[in-house]
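Note that the working numbering has the sequence shown beginning at 8, numbered continuously upward.
Written below as structure tokens is the structure these notes are about.
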Amino acid sequence: MFRINPHAKKRLKPPTQHRCLMGKVRPAYIKRVGRMLMEQYPDRFTEDFEHNKQVVGQLVEGVSKKVRNRIAGYITSQVKRIKTAGEEEEVEESESVKTSSEGGS
Numbered sequence: 008m009f010r011i012n013p014h015a016k017k018r019l020k021p022p023t024q025h026r027c028l029m030g031k032v033r034p035a036y037i038k039r040v041g042r043m044l045m046e047q048y049p050d051r052f053t054e055d056f057e058h059n060k061q062v063v064g065q066l067v068e069g070v071s072k073k074v075r076n077r078i079a080g081y082i083t084s085q086v087k088r089i090k091t092a093g094e095e096e097e098v099e100e101s102e103s104v105k106t107s108s109e110g111g112s
């Protein structure tokens, strides 16, 4: 009969492979190209994926459809994230103005 040593688990190192992959939904080169395009052409991108797909196709040459779509998807998500972050800041500022004006009366 084969028995497993109960102390053997303590000697095993926890798997670090899963921790390293957390948060990496897109490859680094997709993010790098997307960031470069957003820095160089910030006014050309919108929240519309189809529009961004066409713009990326015009700006980046020699990429496959799959890579073009991934870059456009990354840019679309970043534009949406930036817009919602800006709206949240505006809401917080308006709330702080309301509370300061109400408290001073």
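Ideal placement from N, C-alpha and C gives every residue a C-beta, glycine not left out.
Query, Result
"Within the continuous alpha helix (DSSP H) that includes GLY41, where are the two ends?", "35 to 47"
"Tell me which residue opens and which closes the alpha helix (DSSP H) that GLY64 is part of.", "56 to 66"
"Identify whether THR53 lies in helix, strand or coil by the three-state DSSP scheme.", "coil"
"In angstroms with no decimal places, state the Cα-to-Cα distance between ARG42 and LYS105.", "37 Å"
"Are the region 61 to 72 and the region 90 to 97 in contact at 8 Å, needing three or more beta carbon pairs?", "no"
"Whose CA, out of SER107, GLU100, ALA79, lies closest to the CA of ARG39?", "ALA79"
"Closest to LYS60 by CA distance: which of ILE82, PRO34, TYR36 is it?", "ILE82"
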